[in-house]
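Engineer:
In our numbering, the protein residues as written are 2 to 373.
Here it is, written out as structure tokens:
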């Protein structure tokens with residue numbers, strides 16, 4: 002089943018964009034895919050009619066859903082709360098960020114794809130889904146590969162594979178990632194340094210921007226000044242951020258609210274829908290052939306190997322684990338505990354990631370049973 006949604010710029014029903022990424026990647030039949038797409042459209046109807054959520058044309062900056070063929074939560078036609086049309090700091094935005102993203106783009110960052118030579122497939126990484134580990138494992142398992150731009154078309158005859166994880170687990174992992182970077186100045190490759198510095202990445206303005214583009218950062222740190230420690234080759238907050246965790250419920254609530262509003266800020270791509278990550282970032286969404294669920298990793302890797310006529314023989318490395326990172330921030334279990342104690346937050350996240358829950362066959366948590 003390879004229908005990929007509305008084609009080109011032809012006049013289409015807006016409803017046609019509310020669908021799953023194309024492909025039978027979880028061995029779905031035509032009937033299964035049709036049912037999933039219908040379920041997504043029922044979500045859109047409920048968001049509009051029951052929750053009063055609306056489209057936000059302010060999100061149209063560089064949106065790609067029309068050329069891709071399907072929308073995600075970040076797309077301007079996907080409803081969001083009315084109050085989200087007001088940014089955390091409108092005055093600052095007008096003065097310092099008037100011509101860049103105010104809301105999360107509805108596509109993944111411009112990251113390269115792994116394209117293999119001995120086996121006809123390419124892999125699309127998904128942030129906060131063991132992306133560092135997959136980038137290490139696949140070359141060890143499948144050999145020679147090239148790193149190609151996201152806009153480079155998939156070659157004829159090539160399979161496309163990606164990975165996903167439970168939406169709530171990924172959200173919590175994203176919270177951990179942002180707290181490490183903002184409080185401990187710690188990035189995936191180690192303490193944040195010049196190598197992580199670019200227009201859109203970690204530099205001496207990162208915390209200053211977070212203070213004005215989010216509602217969560219002012220709750221965890223009142224420092225925005227950064228100095229570069231040339232000897233230690235790292236960025237350091239001056240004075241250093243110290244977080245005691247006493248207001249963790251408010252912090253988690255702020256993360257959920259910012260995510261629900263689709264606000265753009267440094268690292269916000271870690272919360273971008275997995276449905277946006279798994280397909281080619283630009284142009285038509287190529288059909289997905291294999292999606293590996295992190296919770297069923299062994300079977301997912303075996304399925305990929307079967308499709309490529311390959312028997313896996315390399316152990317999967319778990320890299321970028323929290324145990325190797327600095328302390329001083331809430332653990333993932335602590336964040337999960339807040340979500341359990343405040344069910345309305347979990348419910349909000351289920352609405353935000355409804356497409357991912359539906360398309361990638363994840364059961365809704367107890368707080369969301371019966372929502373859609």
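Note that the Cβ used here is the ideal one computed from N, Cα and C, for glycine as well.
All values derive from a computational prediction rather than experimental measurement.
Assuming residue 130 and residue 151 form a contact by the criterion Cβ under 8 Å, report the distance between their Cβ atoms to the nearest whole angstrom.
Structural biologist: Working through the chain shown from its first residue, we reach residue 130 at position 129. Working through the chain shown from its first residue, we reach residue 151 at position 150. Residue 130 to residue 151, Cβ: 17 Å. No contact.
Engineer: Quick one, are the C-beta atoms of residue 256 and residue 127 less than 8 Å apart?
Structural biologist: Along the chain shown, one-based indexing puts residue 256 at 255. Along the chain shown, one-based indexing puts residue 127 at 126. In this structure, residue 127 does not lie closer than 8 Å to residue 256 by Cβ.
Engineer: Is residue 18 closer than 8 Å to residue 62 when the C-beta atoms are compared?
Structural biologist: Within the chain shown, numbered from 1, the residue matching residue 62 stands at position 61. Within the chain shown, numbered from 1, the residue matching residue 18 stands at position 17. Cβ distance not < 8 Å, so residue 62 and residue 18 don't count as in contact.
Engineer: Report, in whole angstroms, the separation of the C-beta atoms of residue 330 and residue 214, which I expect to be a contact under 8 Å.
Structural biologist: Position 329 of the chain shown holds residue 330. Position 213 of the chain shown holds residue 214. Not really, about 20 Å apart at Cβ, beyond 8 Å.
Engineer: Is it right to say residue 160 is buried, meaning 16 or more other beta carbons lie within 10 angstroms of its own, or is it exposed?
Structural biologist: Residue 160 sits at position 159 when you count from the first residue of the chain shown. It is buried - the Cβ of residue 160 has at least 16 other Cβ atoms within 10 Å.
Engineer: Nearest by alpha-carbon distance to residue 16: which of 36, 28, 42, 24 is it?
Structural biologist: What you label residue 16 is simply residue 15 of the chain shown in a count that begins at 1. Closest option to residue 16, Cα to Cα, is 42.
Engineer: Out of 351, 209, 230, which has the shortest C-alpha to C-alpha gap to residue 172?
Structural biologist: By 1-based counting over the chain shown, the position of residue 172 is 171. Nearest C-alpha to residue 172: 351.
Engineer: Measuring only the C-alpha atoms, how far is residue 99 from residue 348?
Structural biologist: Position 98 of the chain shown, counted from the first residue, corresponds to residue 99. Position 347 of the chain shown, counted from the first residue, corresponds to residue 348. Roughly 32 Å separates the two Cα atoms.
Engineer: Could you say if the stretch 243-251 and the stretch 86-96 meet the contact criterion of at least three C-beta pairs nearer than 8 Å?
Structural biologist: Not touching, per the Cβ criterion.
Engineer: Using DSSP with H/G/I as helix, E/B as strand and the rest coil, what is residue 126?
Structural biologist: Here residue 126 refers to the residue found at position 125 of the chain shown. Correct three-state label for residue 126: coil.
Engineer: Residues in its own chain within less than 7 Å of residue 1 by CB, not counting five upstream and five downstream?
Structural biologist: Since the first residue shown for the chain is 2 and the last is 373, residue 1 is missing from the structure and cannot be characterised.
Engineer: Since residue 237 is in the beta strand (DSSP E), which residue starts that stretch and which ends it?
Structural biologist: In the chain shown, residue 237 corresponds to position 236, counting from 1. First-last of the beta strand (DSSP E) with residue 237: 235-238.
Engineer: Pull up the CB-CB distance for residue 290 and residue 26, whole angstroms please, since I reckon it's below 8 Å.
Structural biologist: Walking along the chain shown from the start, residue 290 turns up at place 289. Walking along the chain shown from the start, residue 26 turns up at place 25. Indeed they touch by this definition, with Cβ atoms about 6 Å apart.
Engineer: Buried or exposed: residue 199, going by 16 or more other Cβ atoms within 10 Å of its Cβ?
Structural biologist: Your numbering for residue 199 matches position 198 in the chain shown. Confidence at residue 199 is low in this model, with a pLDDT of 45, below 50, so the placement of that residue is unreliable and no value is reported for it.
Engineer: I'd like to know whether the C-beta atoms of residue 293 and residue 305 end up nearer to each other than 8 Å.
Structural biologist: The residue labelled residue 293 in the question sits at position 292 within the chain shown. The residue labelled residue 305 in the question sits at position 304 within the chain shown. Against a cut-off of 8 Å, the Cβ pair of residue 305 and residue 293 comes out as a contact.
Engineer: In angstroms, rounded to a whole number, what distance separates the CA positions of residue 260 and residue 303?
Structural biologist: In the chain shown, residue 260 corresponds to position 259, counting from 1. In the chain shown, residue 303 corresponds to position 302, counting from 1. Near 34 Å, if we compare the C-alpha coordinates of residue 303 and residue 260.
Engineer: What does DSSP give as the partner residues of residue 227 in its beta bridges?
Structural biologist: Mapped onto the chain shown, residue 227 falls at position 226. Answer is 238.
Engineer: For residue 49, list the residues DSSP reports as bridge partners.
Structural biologist: In the chain shown, counting from the first residue as 1, residue 49 sits at position 48. For residue 49, which the question treats as bridged, DSSP gives no partner whatsoever.
Engineer: Relative to the C-alpha of residue 120, which candidate in 147, 109, 113 has its C-alpha closest?
Structural biologist: As a position in the chain shown, residue 120 is number 119, starting the count at 1. With distances taken between Cα atoms, residue 120 lies closest to 147.
Engineer: In chain order, what residues of the same chain have a beta carbon less than 6 Å from the beta carbon of residue 354, not counting five sequence neighbours either side?
Structural biologist: Taking the chain shown and counting its residues from 1, one reaches residue 354 at position 353. Counting only Cβ-Cβ distances below 6 Å, and skipping sequence neighbours, we find 168.
Engineer: Determine the closest residue to residue 258 out of 24, 345, 333, with distance taken between C-alpha atoms.
Structural biologist: Within the chain shown, residue 258 is the residue found at index 257, counting from 1. It is 345 whose Cα lies nearest to the Cα of residue 258.
Engineer: For residue 293, which three-state DSSP category applies?
Structural biologist: For this step, residue 293 is matched to residue 292 along the chain shown. Reduced to three states, the DSSP call for residue 293 is strand.
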